[in-house]
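Working notes, beginning with the structure itself.
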Amino acid sequence: MKKREDIEYHLVEEILNPKIFKSFKLVEKTPISHNTSKYRFELPNPDDVLGLPVGSHIAIMAEINGKRISRSYTPTTLEEDRGHFDLIIKSYPTGNISKLMGELKVGDSVGMRGPKGNFVYKSNMCREIGMIAGGTGITPMLQIIRRVCNDSTDKTRISLIFANVTEDDILLKKELDEIAKVSPENFEVHYVLERSPSEDWDGDVGLVSKDMIEKYCPKPAKDIKLLLCGPLPMIKMLTAATNELGFQKPRAVSKMEDQVYKF
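Okay, so the sequence shown: first residue is 1 according to UniProt numbering, each after it adds one.
So this is what it looks like as structure tokens:
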């Protein structure tokens, strides 16, 4: 009998190619904040499953000002969803791929390839995982959180610090809160806002600090991992802070065996 991971890779190999960009058509575009939308892309057949290994991502490519540019994104659809996959992308006026995505119309097609990345989640691969995400950096974390909390045999404990600028910027909050409510033994989430919290805000305020990491994330150990995903300035700050707290310094391009992994 084939292992689940073998089946998943076979599926993704059929639909995606890690070296060749294939075209996928946008069939639905749903705004979810002032600068962020959910993009639903059609798979070749209604019964197709994307099958992307948990922790992996896909690359979107476009030619902009005569140069081929690509950026990586993690789908937010469930592993078992068929016929389509969703991407949540924040568009910036000065961005390249993100700006292009913001201008897409239903019916347009985009070139993508995958799987990409060196991280593939395996059940019970470590005792505890600390996650620190900023903005759309929540997407690879959500895939792992779902896998852990939907598997009764997985005893991994996950602690997530999710940082955003304002309350309106928090993506997927309803789903994260529901998972935390249903699976408290596996998952807890701590929100951090940079500014403008409401009067009844009960999360943290400011930038993610060493104190927050020390308070909410697991201590450095051989059987834990710390996963980071967010804007580059945030990742640079977190890399320095986690190193000062005793975590191993991550290499420029993270590998599966690293204690601190940067998506």
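Don't be surprised by glycine CBs; every beta carbon is placed ideally from N, CA and C.
Here the structure is a predicted model, which is why all the values come from computation and not from measurement.
For Ala180, no beta strand (DSSP E) segment is defined; the enclosing uninterrupted segment is the alpha helix (DSSP H) at Lys173 to Val182. Short of 6 Å from the beta carbon of Gly137, and not among the five residues preceding or following it, lie these beta carbons of its own chain, in chain order: Cys229 and Gly230. Contact between Ile58 and Lys116 holds, since their C-beta atoms are separated by about 6 Å, short of 8 Å. In the DSSP assignment, Pro93 falls outside any alpha helix (DSSP H) and carries neither an H nor an E.
Annotated three-state conformation of Cys217 is coil, per DSSP.
Here DSSP, grouped into helix, strand and coil, assigns Gly111 to strand. Around Val192, the same chain offers Ile161, Phe162, Ala163, Asn164, Gly203, Asp204, Val205, Gly206, Leu207, Val208 and Met212 as residues with beta carbons nearer than 8 Å, after the five sequence neighbours per side are excluded. The residues Thr153, Asp154, Lys155 and Thr156, in chain order, have a CB closer than 8 Å to that of Asn124 in the same chain once the five nearest residues on each side in sequence are set aside.
Your pair Glu167 and Pro197 checks out as a contact, with CB atoms roughly 7 Å apart and the cut at 8 Å.
DSSP, reduced to helix, strand and coil, places Leu232 within a helical segment of the structure shown. Assignment of Val54 by DSSP, reduced to helix, strand and coil, places it in the coil class.
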